[in-house]
Each structure stands twice: as structure tokens, then as C-alpha cells.
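Trainee: Sequences listed follow chains F, Y and G, in order.
Mapping the first sequence onto the working numbering, position 72 (from 1) lands on 72, and the numbers just tick up by one.
To convert, take the position in the second sequence, counting from 1, and add 759; that gives the working numbering.
To convert, take the position in the third sequence, counting from 1, and add 923; that gives the working numbering.
The C-beta atom is built at its ideal place from N, Cα and C for all residues, glycine as well.
None of these values were measured; they are calculated from a predicted model.
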Amino acid sequence: MTATTVTAGTVRGGLGQSVVRPDGTAKVQGSFQFSSDYTADDALWGATLRSPHPFARIVRLDVSAALRVPGVAAVITAADVPGVPTYGLISQDQPVFASDVVRFVGEPVAAVAADHPATCRQALQAIVVEYEVLEPLTDPERAVDGSVPPIHPDGNVIRHQRIVRGDQTIEGPVTVEGTYELGRQDQAFLGLEAALAVPDHDGGGVELVVATQWLHEDQKQIAACLALPAEKVRLALGGVGGAFGAREDISLQVHTCLLALRTGRPVRIAYDRHESFLGHVHRHPCTVWMRHHADHDGRIRRIEARFVFDGGAYASTSSAVLINGITHTQGPYACENATVDGWAVRTNNLPSGAMRGFGVVQACFAHESQMDKLAAACGLEPLEVRLRNAMHTGDRLITGQVVENVAPVERIIHEVAALPLPDEPVGGHDGDILRLPGGVGRTTDAAHVRRGIGYAVSIKNLMYSEGFDDYSTARVRLVDGTVHVKFATVEVGQGFVTLAQQIARTELGIEDVVLDRIDTGVGSAGSTSASRQTWMSGGAVLGACRLVRDRLLALVADREGMDAAALTIDGAEIVDSGGLLRIPVAVAAAGVDIDETFEHHHPATEDLDELGQGNCHTAFAFCAHRAVVDVDTELGLVKVVQIATSQDVGRVLNPLSVLGQVEGGIAQGLGLAVMEELLQDGGIVKNPTFTDYLLPTFLDMPPVVVSLVEEPEPHSPLGAKGVGEPPTISSTPAVVAAIRDAVGRELPRVPVRPADICL
Amino acid sequence: MTEATTEMYVLHVNGETREVRDAAPGESLLFVLRERLGLMGAKGACEQGECGSCSVLVDESLVCSCLVLAASAVGRRIVTVEGIAPPGAPTDVQQAFVDAGAVQCGFCTPGLVMATHSLLERVAEPTELEIREELSGNICRCTGYGRIIDAVQRVAVARRGGGA
Amino acid sequence: MSVLVPTSLDAARDALSANPSATVLAGGTDLMVEVNERRREVVDVIAVDRVAELRAWSHDPVSRTLTIGAAVTWSEIEDAPFLAWVPSLAQAARTVGSPQIRHAGTIGGNLGTCSPAGDGLPPLSALEAVVHLTGPGGERSLPFAEFMTGPKRNARAAGELITAVTVPVLRGPQGYAKVGVRNAMVIATAGVALVCDADAGGVRLALGSVGPVILRCPEAEAIVAAEADFAAGRLAEPALRAAAEAARAAARPIDDHRSTAAYRRHAVGVLTARLLRRAFPHD
């Protein structure tokens, strides 16, 4: 990995260094306040009544008995929503509370506020709801074929989009095809949904402390439902215990505010794990059919594909996930001709939405499975077929968009292949059972194991697409030698708070950088998603710092009788090009008060036309993975031995932070490959607990070997690309490819279950 | 024999005697620590003993506080993350977590800090596999565990008096 | 609600006799999950984790037995000296939940809950453990096979307390193997315990998570007993295969969200064969 050398005169804690988190000490000492840790004097507890049925008509709803439970302060239903009765990120189709029909297991029907969680539970039990149970729509194909009456006024098709490019008649000479399926993955952040709403004294507004990904979007949606002007709904970020997409949608925000306004008292709501599984969106389950037409030498001539994304009961971001999926059909490979058909449909399953990788996880599992089939069909090594097709800067995508970013696809493939393989035999030199599949279960001896190696490569769009201006805002004040930075950028653990300090230190040459509270008291930062905050909010902080710097230099120039254009900040000092002046920034900034705000916008993008053509994406990043697995072929148990990765990161701004994103993202990709799936049967959720929704443990996650490719991205304000999503995307198909290599089966579905390997 | 009633019982937490009054039946130690004693360091993420975020020491044994009936812990010495170091003066384990990049969202961190202290008390120089097995009850969703293992190893080396 | 924390067996027995409907709390690792999920309300609780007699274990070299108090934890059982005396039980102990769960969870709690997926139970079944109870009617002891009566059901009567379990210290190989979808902290999809009694020339196999109770495999046991050479550690491959097939046939698995009946049955066969191969390394 690249480490940036700190040279003399460089300000400490600047860009390129492994600066530690400003919230680190509070987090290790347990004093950092997560949203679930906020409370207030006289606060009530809130709780939510949810539908037990995937699809049912509400025949009767009677809350009177609940209101009589001692300790209950309020019970609210759809009738108590003063503003817009529905919300949603793209289309507002999801009710705050179901009023006539419930469309998924777990849909909110009512909420209560009371003096103790136990009282809340009593009150929920006292609410009478009579349902007329309806036949649920749980098969997405039935939504595609139109054979089922609409389960929502907006219809059963959330979005349909084709991509048609080039010569549609090309066939073969080599063709490979497959139908691939991905189960429902949950983000499974550890910090459960929680919020504290405090009503204004006059009852005319509310302050909400909440863990979210996008404060201003929440504010907009909540205000509309409450029928309040946005400025009467003030949001502050409660500490976020991970997000990974699951906090992009509203969950308990409106309910908490409504209960606080109704009771005139602070209200806390905190989900438990079961409720969390029902209460947020998940990664879309998806079926992808692909057929690649190629020359005998492995060069791709045309791709056909069909995607069906199960959007669940409400739209959330399904339409954007669909576009991400189908526009990444080709993967990081050049392809002139394509025929793609994509559907995002509504069912009575749990709503699907954003999760790390956002549609590209689904596409990548399919195209990488196909690349291995293509390699086999052409008699090529898996990496050779990928190298022959590797995309380059300037190539045109199947949407017609030209890739204008750095695209070191060949380089990352070469680098991942060059990383050292594990030097240990199966079971290690010591034969410790923990190194074998099955671990302490003592299922497996080394003789039962076959080792496999697999590769996968990905392309991922960065920032929002299709004409969306997801700008970010930062305010930087230089007050008497201290830099104060304010932004609404949500810190979910990724380390933007660290980066913001690093940017300010490097740009202004001042080590003392104070971060203000993250809230709606400054302009929007957009969402902490789409691998976008380093680029977008990093750009905003950088822009604001430069405005401050220019004014400071102007002041100094004025003071010294020099030309401001001749002054620069070099490390921690202000110097002039003539070599006459050299003063510490801290000295120059004494007594100064400069205040600047900057909005960073990325270049405009376009919608896709009917044939799926248009410059819809902002930028792209690339990533390659190699997985080594040991498989007990008879029992179908898998031990991932090592993951190697080479990632196109543009520029490393904080080596430790990047490594954390890389390793953490891989763990989630590994989870999808071999264990993580939230199961539904007829709309009923089968495993909404950590006993049965399994996450990788210390003994499931292998060592990771990393090569970061630094080719600064000219379009990015800091030269850096977002690094959060790519590690999750191609790690899944790499692990599955390795299992296939060990056992010789097609394994078209993730997560791969033991029975898929051995029965 | 000790008897605790929900009207009033006494817990020994971080060297102090703390009264718990008017508790509801069935309250876990995690709930009581957080909601009745104001010690928010232990975190709840599963309430099934499947994530380790709520780990505390009870009579020096690392347990999930969500699975301890609070009133049954009378007379036991309970230590939470707040009890191992004063504010602003982190332990070597805590500092290593910060320095090694073992902290992202931080929700699992207090539990992991307690588990690491417990491990290093019993095994001064654990192997990588011992670290993995001993900490396998603590789920982290952000880091992929690599930097946490590095943090634990840094502490073991430093305690041995080793330098670089 | 009241919680009694007796420190002697007499006090615990008296408390339970006085209030037979009280909930007995051992390590809490099963009970508190139900309480947290609101599947169980607790009113009066007797916490037995500090009862000195229940915290103790004793080894009788004359009768070659080991008696383990009900409140002995899995983290104690997973290490020496249990590992030498009852390796199958110690190996199973190491697979129970997480380290935190093993620090709190007890062998008596595993018996009290009597889940077919309880990791301690297949070894206890294969060891033909005797479960000791005390209550208003006095003390009694039951073989494990009579103690476990169904999924999460056992022969403990209201007002009775599980005090200990006695297992033989046998000469001969033992083992426990358990399949789950994760490499740690996982509920068994299927588990098999093998216990050999070299002196008696007998073998016992017990299956977990593949039936309403822990299942013994008399047919498989008979095949091995007839064919194995304990002194030489030899079991011919055809006999080994026949025994594994008999174990497979003895399983009564179901489909659920954790696995399928077909996979569970398959896993029982594979695990049985592997345990036998480890016990009898020579063909």
C-alpha cells in the first residue's frame, strides 16, 4: 500500500496521512452518543404496531383500549397525520401509517407513546385491528407479466427500462448464458434505528436527533408529512451505528415527531433487531439472465440481459437501483452491442432499496459468472478473457456514454494477480481446526478439503445519476487561528469527519480544526451513499477552505503591501513567490474572522432515453478481487482463506481509512456469497434475528491483501475516487468463483448454501 | 441468600453502589445500566447474545449484559466500559483501537474493548487464531476485523515491552 | 417480582419448594432471550448460578465417573481436565454460542432448556449421562434418555431443580462434530457425538438437531461393536460405511429456515463416518 511521506513543514494531520478519527476516543470509551443514547428529562417511549400480514385490508382499527392503558400518553394512526400521508425518496408512495391496506409484513399501522417500553407493548397489544387477508403477490415475475391486479394505486411495475445499442443481430460464434439469482441481503448495521424528538415549547415545531444518511432529505419528507415548514423541523445527527444504505429511507422519523408534537413531550423510539429487519429497506433480491456472444478469442461482441429486481411493497429507490443494474451489464469490459431489458417491480415482500453497491452487486455477480463461463468456452484463463476485454478511458458504454475517468482495469487485474497467495497448505502448518471449514465444529479434516481460486472485476458509478444534482455544502470559518468547519455530511463511520479535518489542515496550514455539530443548520450535503462524500463533501470543504485561504492571503498581502497573487500557503506557512515573506499561518490568522460557504456540484448528467441511451452517470471506479477458499466438498462447508484486491482509488487521502473501507466492504461481500439472506416465505419473514441471519465473524473473515492503484482522477476535486462500494461488489463473485473452482458446479445463486455444493 | 425485588435492589457497578428502584420485571442488565443508571457505553444490537456489543465484566467474567437478569446480579462486581478508564484517559487497548483504525461507526467498539481486555488478562500474547476465536462473539459490521486484530496485537507487543 | 439468589443447595431447594411456579434461572443465555423477545414473562425468579454445590464438580476414580454440577459453565467444561475425561462433551462445549455465552451458559441450563439443537446434549446422550434432580419429593436420578421427552420438554417436575449430571470416564476415543453455516457462533444444523467404551467393546452414537429429541443409533452402534477392533483402532471400511448409513437412516430431520431435511440427513452420514474414521484410524 502506498504511504505518503510527511515532509518537513507539512502541517500535521493533513491529507495523505493515516490521521486518526476525531471521534475515536469517545467511541472507544463508550461516551460517543449514538442516536439510541439520546434521552431527555420527562421523555416518553414510542413504539410501533406493525402488520402481521403481507397483504390485507384493514377492516377495523380501534385504539380506544390502548388509550386506557395506564401510562399511555398517545396513540396515533393514519388519521393523525396532518400533512401528506405518504413519503418516499423518489416517488411518495409509502404511507406513514397504513390506512386501508397493508402491503408487507411489518408495515406500520399505529404508534403509541408511554412511560416505559413495557407499557408501550401493553398498549400495542390493546389496539384492535381486524384484517381481511388478501392473496399476496410474492413472485416478481407475476408483477412483470401483469397477471395480478395492482397491489398499489401506482401499479405493480415500478420501472421498466431497456438498453438497445448497436447491431442487434449479432450471434456467437461463441455464446454462454446463465440465469443468476441473488437473495435478500440486509445491511445489518449494528446501531439499531433510534431517534429522540423534542417538541418546541410553542408546539409549532420539533427537533429530531436521528441516525440517518441524509439530514435534508429527511427534513423535507418529515416536514411534508407534518404539514410544517422545513425550518420548523430541525434535524441533528445522532451518532450513526453504521448505515450501508438502510438509513436512506425514512423509518421512525415521522412517527417520533408526530408523537412528540401530540404529547408535547420528548419521545424516544428505538427499534429492536426484529423490528429493524422489518423496518428498513434491503438489498433487492434479483434474477438476472445474461447471454454473451463472443469471438473464439474471447472478445465480447454482444450482450443480452434481462433483470428483474424485486422492489417489495414500496418504491423507495428501486427505479435508480434498476438503472444502476442494467447500465452496468457489461461490467468493466468494452462492448459495442447490447440488448438489455430491466424491470423493478412491486410485490408484497419487504421493501427493497439502497444497499452498498446499489444494483451493481446484482449485475456484477451475473457478468462475472458469465466471464468465467466465457473463459471456459474459449479455453482461456479467467484473467486472460478479462484482460482481452478490459475497458479503457474513452471507451463508450452500452448507454453511449463515454468513460472519461481514469480506468485502470488492466492494471488492477495485473496487480491483483501479482499479490502473494497464501503460503499455507490446507489447514495450515499447525493443523489447527480453526483453519478448516467448519472450525470448532470439528467437521472437517484436511483430506476432505479442496482449494479453489476465483477472480472478479467490477465497475461502479460514483455519485447520483440521471440528471440529479446531488451537491454538497460546507461552511468554513477561520476565527483567530482556529478553523471551524460545518457541514450536514452524515458520518456513518466511514471517516468523513477525519477527512474534513485533513482537507482543512492541508489547505489552510492550520492544525487546529474544529468540527461543528452535524445538523440542518447549513445547506444540504446530499446523502452519505453512492461512494460520493469524499468527492462531493470533500469538494465542498476544499472549496470553502480555498475561499477562506484567498481572503486570508488578501489580508496578508494588504498588511504587507504585497500582491496577493504572489502568496501561497506552504505547509503551515504563508510564503511569497519572491522568497521575501515566510510567516506561520497561525500568526497571520491571529485576530482574523473569515467566514465562507461553498457548494460543490458535479457536472450535469442526463436521463436515459427509451433505448437506454444517455450520459446518465457522473463517474466510475474499478476494482478487482481474488478469493482463495477451502471447501469441504462432501459437507458443502466453506472457509475463505484469503481475499486479495486491487482497487482504483484515484488518490489515497487517508491510508488507514481506505483500508478500513476495503476490508469492511469485502466482509459484506463475503457475507452475501456464503451466508447472508433474509428469507421470506409467502411474504412472512423467517429469520429476522442475529441467531438466524448470519453475519461473518472473526473466524469467517480471512486476511485481506491490498494493492491500491493511485492514478489521480482529474475530474475529482481531490483526485480521489469514492472507495466505499467497490470492495463489496466484486468480492461476492470472486468468492463464488473460487468455490466453483474447487467443486466444479455452476452455483448460480447467492448466498451459496452447503446443500448447493454437496447435494 | 440474597433477595432482590423490583421495588429496590442494589448493584455494584464500576466500584460504586447503585440503587435501582421501581424496575419492571425481566429487565436485563443492559437495560438497567443504560436506562436506569445512565451508563450508555454498553450497546444493544441483538438482545440474543449474538453480537457482543453489550459485553461487560461480571465478577471478572465477560458476558453479554443483555442476557443477565439485572436483579440477579446483586452482589456481583460489574464493570462496564465506563469503569476501565477515566474520560479522556483511554487504556492501552482503547488507544490501540483508535491508532490502528479499528474503529469506524464505533457501535461494536465498547464491547470489543471489554472483550480484548478480558482476553489479554487471561492470555498475554494470543496468537492470531486465539484472537479470532476469543473475539468471535463480537460482530463488527464495518471493519472486516483486520484492523481490530492489528490493535490487539499492538497491545500485546507493547505490554511485552516490545518496540516496533 | 422478586429474585432470590441462594448460595446453598438447601436454600435453593427450600425456595423452590415454597414457590414451585418460580422460574429457575441458571446462566440466563436461553431464558433471557425469551424474556427479551417477550415470549416469556418472569415474575418470581430463583437464580441458581451461585449455589456452591451446583458450581462444583467431582471426579470419582473408583467408580470412574464424573459428576458435574448444574451451574458449571461451558467455558469451564471446554478445557482441561474435562477435555481428557469427556472429550466429546468438552468439544461440544467449545461450540456453544460465543465466548460470552460459554462464560454464562451452564450444563444444567442446556438440560433445562432441552433444545434438540443444544450442543451439550448429544454427548450427554452418548455418554448415557444420569441427570440428578431434587425437589419436594426428594432426590431422583434419571438416565438422559428418560430425561429428555421432546423438543424443549423434559421430565423435570414443577418445584424440581436439576442439580448435577453424572457421566462415566471411559477408555476409548470420543468426538463431537457439528455442522453450521458459519465457522463460529452458530446453531447446529446437525450434530453427532461418538463415544467409545473400549473396555466394554461398545460404541454409542447420538444425533442432535435431526429429530424432536437427541437420537441414539442402536443399529449403527451394533455394527461398530461387532466389527471394530478397539485395541488396534481398526474398523473395516465396509463396516464404517454401513454404520454411517445406519446413522443416516436413524435421523428424523425436518425442513426449516436453517436447512433442509435432505441436507441434515446427508450431514449425519458424513459426520458419523468421519467421527468413526478418527476413532478407528486404521482400515
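(1) Would you say F277 of chain F reaches chain G, if we count a Cβ-Cβ gap shorter than 9 Å as a contact?
(2) What are the boundary residues of the beta strand (DSSP E) that includes A110 of chain F?
(3) With a threshold of 7 Å on Cβ separation, who are the neighbours of P1261 of chain G within its own chain once the five nearest residues in sequence on each side are excluded?
(4) Compare the C-alpha of D295 of chain F against each of F:G205, F:T175, F:L15 and name the closest.
(5) For the alpha helix (DSSP H) containing L190 of chain F, name the first residue and the last one.
(6) Can you grab the Cα-Cα spacing for the pair M799 of chain Y / G30 of chain F, in whole Å?
(7) Step through the CB atoms of chain Y and report whether any lies within less than 9 Å of the CB of T691 of chain F.
(8) Could you give the uninterrupted runs of the alpha helix (DSSP H) lying entirely in the region 602-684 of chain F, keeping only those of 4 residues or more?
(9) Would E960 of chain G pass as an interface residue toward chain F - the criterion being a Cβ-Cβ separation below 9 Å?
(10) Could you run through the region 1001-1020 of chain G and flag, in chain order, every residue whose CB is less than 7 Å away from some CB of chain F?
(11) Indicate whether at least one CB of chain G lies closer than 9 Å to the CB of Y768 of chain Y.
(12) So what does K802 of chain Y bridge to, in DSSP terms?
(13) Report, in whole angstroms, the separation of the C-beta atoms of G903 of chain Y and G664 of chain F, which I expect to be a contact under 8 Å.
(14) Is any beta-carbon of chain Y found at less than 9 Å from that of C758 of chain F?
(15) Do you know how far the Cα of R505 of chain F is from the Cα of D550 of chain F?
(16) In chain F, which residues lie less than 8 Å from N1033 of chain G when you measure between Cβ atoms?
(17) Between which residues of its own chain and L1158 of chain G is the CB-CB distance below 7 Å, once the five residues before and five after are set aside?
(18) Could you tell me if E248 of chain F is buried or exposed, where buried requires 16 or more neighbouring beta carbons within 10 angstroms of its beta carbon?
(19) Quick one: complete alpha helix (DSSP H) runs, 4+ long, within the region 241-306 of chain F?
(20) Run down chain G in chain order and give the residues with a C-beta less than 7 Å from the C-beta of A830 of chain Y.
(21) If we count the other Cβ atoms within 10 Å of its Cβ and call it buried at 16 or more, is H282 of chain F buried or exposed?
(22) Pair every Cβ in the region 476-484 of chain F with every Cβ in the region 627-636 of chain F, then say whether three or more of these pairs are closer than 8 Å.
(23) Whole-angstrom Cβ separation of G245 of chain F and G353 of chain F, contact assumed at under 8 Å?
(24) Quick one: grab the DSSP three-state call for P408 of chain F.
(25) Would the beta-carbon of S1038 of chain G fall within 9 Å of that of K1075 of chain G?
(26) Indicate whether at least one CB of chain G lies closer than 9 Å to the CB of E775 of chain Y.
(27) Is there a Cβ from chain Y that is less than 9 Å from the Cβ of V723 of chain F?
(28) Quick one: measure Cβ to Cβ for T39 of chain F and V72 of chain F, integer angstroms, because I've assumed they're closer than 8 Å.
(29) Quick check on the burial criterion: 16 or more other C-beta atoms within 10 angstroms. Buried or exposed for H1180 of chain G?
(30) Quick test of the definition: if touching needs 3 or more C-beta pairs under 8 Å, does the region 842-857 of chain Y touch the region 982-996 of chain G?
(31) Between which two residues does the beta strand (DSSP E) harbouring M1071 of chain G extend?
(32) Okay, do the region 694-703 of chain F and the region 887-905 of chain Y touch, 3+ Cβ pairs below 8 Å being the bar?
(33) So, is the C-beta of E573 of chain F closer than 9 Å to a C-beta in chain G?
(34) Could you please give me the residues that DSSP links to N461 of chain F through a beta bridge?
(35) What do you get for E809 of chain Y, buried or exposed, if any count of 16 or more other CB atoms within 10 angstroms of its CB means buried?
(36) In three-state terms, what does DSSP make of V436 of chain F?
Mentor: In this structure, then:
(1) Closer than 9 Å to the CB of F277 of chain F there is not a single CB belonging to chain G.
(2) Counting along the chain, the beta strand (DSSP E) containing A110 of chain F begins and ends at 108-114.
(3) Outside the shown range of chain G (924 to 1206) lies residue 1261 of chain G, about which nothing can therefore be said.
(4) Checked all of F:G205, F:T175, F:L15; the closest Cα to D295 of chain F is F:T175.
(5) First-last for L190 of chain F: undefined, no H or E at that position.
(6) Those two C-alpha atoms are separated by around 7 Å.
(7) Yes, T691 of chain F counts as interfacial toward chain Y.
(8) Counting whole runs of 4 or more residues, the region 602-684 of chain F contains the alpha helix (DSSP H) stretches 655-674.
(9) Taking CB atoms only, E960 of chain G has a neighbour in chain F less than 9 Å away.
(10) Listed by position, the residues of the region 1001-1020 of chain G near chain F (Cβ gap below 7 Å) are Q1014, R1017, T1018.
(11) Y768 of chain Y counts as touching chain G.
(12) Among the bridge pairs identified by DSSP, K802 of chain Y is matched with none.
(13) Indeed, because the Cβ distance is near 4 Å, the residues count as touching under 8 Å.
(14) Interface criterion not met: the Cβ of C758 of chain F is under 9 Å from no Cβ in chain Y.
(15) Between the alpha carbons of D550 of chain F and R505 of chain F lies a distance of about 15 Å.
(16) Result: empty, since nearest Cβ-Cβ is about 16 Å, beyond 8 Å.
(17) These residues qualify, in order along the chain: V1147, E1150, A1151, L1199, F1203.
(18) Burial call: buried.
(19) List check, alpha helix (DSSP H) in window: 253-263, 273-279.
(20) What A830 of chain Y touches in chain G: V926.
(21) H282 of chain F is buried by the Cβ-count criterion.
(22) The region 476-484 of chain F, when compared against the region 627-636 of chain F, does not touch it at the 8 Å Cβ threshold.
(23) Contact check for G245 of chain F and G353 of chain F: beta-carbon distance about 7 Å, within the 8 Å limit, so the pair qualifies.
(24) In the three-state reduction of the DSSP assignment, P408 of chain F falls in the coil class.
(25) In contact: S1038 of chain G and K1075 of chain G (Cβ atoms closer than 9 Å).
(26) Interface with chain G (9 Å Cβ-Cβ cutoff): E775 of chain Y is excluded.
(27) By this cut-off, V723 of chain F is not an interface position.
(28) Contact flag wrong, Cβ pair sits at about 19 Å.
(29) Around the C-beta of H1180 of chain G, fewer than 16 other C-beta atoms lie within 10 Å, and the residue is accordingly described as exposed.
(30) Taking 8 Å as the limit for Cβ pairs, the verdict is that the region 982-996 of chain G does not touch the region 842-857 of chain Y.
(31) Counting along the chain, the beta strand (DSSP E) containing M1071 of chain G begins and ends at 1071-1073.
(32) The answer is yes - the region 887-905 of chain Y touches the region 694-703 of chain F, with three or more Cβ pairs under 8 Å.
(33) False, the Cβ-Cβ gap to chain G never drops below 9 Å.
(34) BP columns for N461 of chain F point to F:F620.
(35) Its Cβ being crowded by 16 or more others within 10 Å, E809 of chain Y is buried.
(36) Note on identity: in this sequence residue 436 of chain F is Leu, with Val being the wrong assignment. Coil.
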